[in-house]
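Residues 1480 to 1666 (our numbering) are what the sequence shown spells out, left to right. Positions of the beta carbon are idealized from the N, C-alpha and C atoms, including for glycine. Please read these numbers as outputs of a predicted model, since none were measured by experiment.
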Amino acid sequence: FWAGVLYWAQTQAISQVRFATAFVGGILTVYALNETRLAISDGDWIDGAVLIPASLALMTASAFFAINFQDVYLQRQGYALEHEYMLARLVILSLMYLTWREFGNVFLGLVFAVFGYAMFGNLVPGVLGHAGMNQATLLQATVTDLYGFYGSLTQITASWIAPFLLYAGLLFAYGAFDLILRVAIVA
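This is the structure we're talking about:
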């Protein structure tokens, strides 16, 4: 995975949006597989059994969007096929589960509130009210148009922050931070 991140940072052979779709699938798969390993080593087979399908859904969706990037991102912007909507639903369910697992009920409740507001904004009176979104529009905005979960924050993370984190991890692993602290204390 990290070799792919470094290769892209060096060559930038594909667009940032396309790379971000592959990055999301890769990083969430690494996370889900690590958490599955930890859950199974703790004897929690049920959690491991749920993490594997979540990981498979995210890998499949990211691979699909990266491979079919030309069609999804350039030719069919604002429109998706039924199997793409189903894939988007699986992505949302997988991300909801991973969000709940990592951050708990409060953050998941906030995510549900945002989705509820997006769909039922027409019921909100006053300035905060809006026309509301149907399910297809919400799926397009969050997944299939590659602007939501794969949007600019993900693209920045994939292209700028991830290589820096890898570099910082290598510095930490080889003791460079200790050296920096010793030099800072002496100076």
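1) From ALA1501, ILE1659, MET1565 and ALA1663, pick the residue whose C-alpha is nearest to that of SER1541; which is it?
2) Which of helix, strand or coil does DSSP assign to ARG1580?
3) From this set, GLY1588, LEU1617 and VAL1585, which residue's C-alpha is nearest GLY1600's C-alpha?
4) Out of curiosity, what's the CA-to-CA distance linking GLY1505 and MET1538?
5) Would the segment 1614–1628 count as touching the segment 1550–1569 if we require 3 or more Cβ pairs under 8 Å?
6) Pull up the CB-CB distance for VAL1496 and TYR1646, whole angstroms please, since I reckon it's below 8 Å.
7) Are THR1515 and ILE1493 touching if we call contact CB-CB under 8 Å?
8) From PHE1498 to GLY1588, what does the alpha carbon distance come to, in whole angstroms?
9) Is DSSP giving GLY1505 helix, strand or coil here?
10) Given this structure, state the Cα-to-Cα distance separating ARG1568 from THR1490, to the nearest angstrom.
11) I need the DSSP call for LEU1625, collapsed to helix, strand or coil.
12) Please state whether the Cβ-Cβ distance between ALA1597 and MET1575 is less than 8 Å.
13) Compute the distance between the beta-carbons of LEU1650 and PHE1656, then report whether it is under 8 Å.
14) At 4 residues or longer, and completely inside the segment 1529–1564: list those alpha helix (DSSP H) runs for me, N to C.
In terms of the structure at hand:
1) Your numbering for residue 1541 matches position 62 in the sequence shown. Closest option to SER1541, judged by alpha-carbon separation, among ALA1501, ILE1659, MET1565 and ALA1663: ALA1501.
2) Within the sequence shown, numbered from 1, the residue matching residue 1580 stands at position 101. Secondary structure at ARG1580: helix, using DSSP grouped into helix, strand and coil.
3) Taking the sequence shown and counting its residues from 1, one reaches residue 1600 at position 121. Taking GLY1600 as reference, the option from GLY1588, LEU1617 and VAL1585 with the minimal CA-CA separation is LEU1617.
4) Position 26 of the sequence shown holds residue 1505. Position 59 of the sequence shown holds residue 1538. In a straight line, the C-alpha of GLY1505 is about 7 Å away from that of MET1538.
5) Short answer: they touch.
6) Here residue 1496 refers to the residue found at position 17 of the sequence shown. Here residue 1646 refers to the residue found at position 167 of the sequence shown. About 24 Å separates the CB atoms of VAL1496 and TYR1646; that is not less than 8 Å, and the two are not in contact.
7) The residue you call residue 1515 lines up with position 36 of the sequence shown. The residue you call residue 1493 lines up with position 14 of the sequence shown. Not a contact, by the Cβ cut-off of 8 Å.
8) To locate residue 1498, count along the sequence shown from 1; it is residue 19. To locate residue 1588, count along the sequence shown from 1; it is residue 109. Their Cα atoms are separated by approximately 30 Å.
9) Along the sequence shown, read from residue 1 onward, the residue named residue 1505 stands at position 26. Looking at GLY1505 - three-state DSSP - the assignment turns out to be helix.
10) Indexing the sequence shown from 1 puts residue 1568 at position 89. Indexing the sequence shown from 1 puts residue 1490 at position 11. Here the alpha carbons of THR1490 and ARG1568 stand approximately 33 Å from one another.
11) In the sequence shown, the residue the question calls residue 1625 occupies position 146. DSSP places LEU1625 in coil when its eight states are reduced to three.
12) Position 118 of the sequence shown, counting from 1, holds the residue named residue 1597. Position 96 of the sequence shown, counting from 1, holds the residue named residue 1575. No, they are not a contact pair.
13) Counting from 1 along the sequence shown, the entry for residue 1650 is found at position 171. Counting from 1 along the sequence shown, the entry for residue 1656 is found at position 177. The beta carbons of LEU1650 and PHE1656 sit closer together than 8 Å.
14) Those alpha helix (DSSP H) runs which fall completely within the segment 1529–1564 and span 4+ residues do not exist here.
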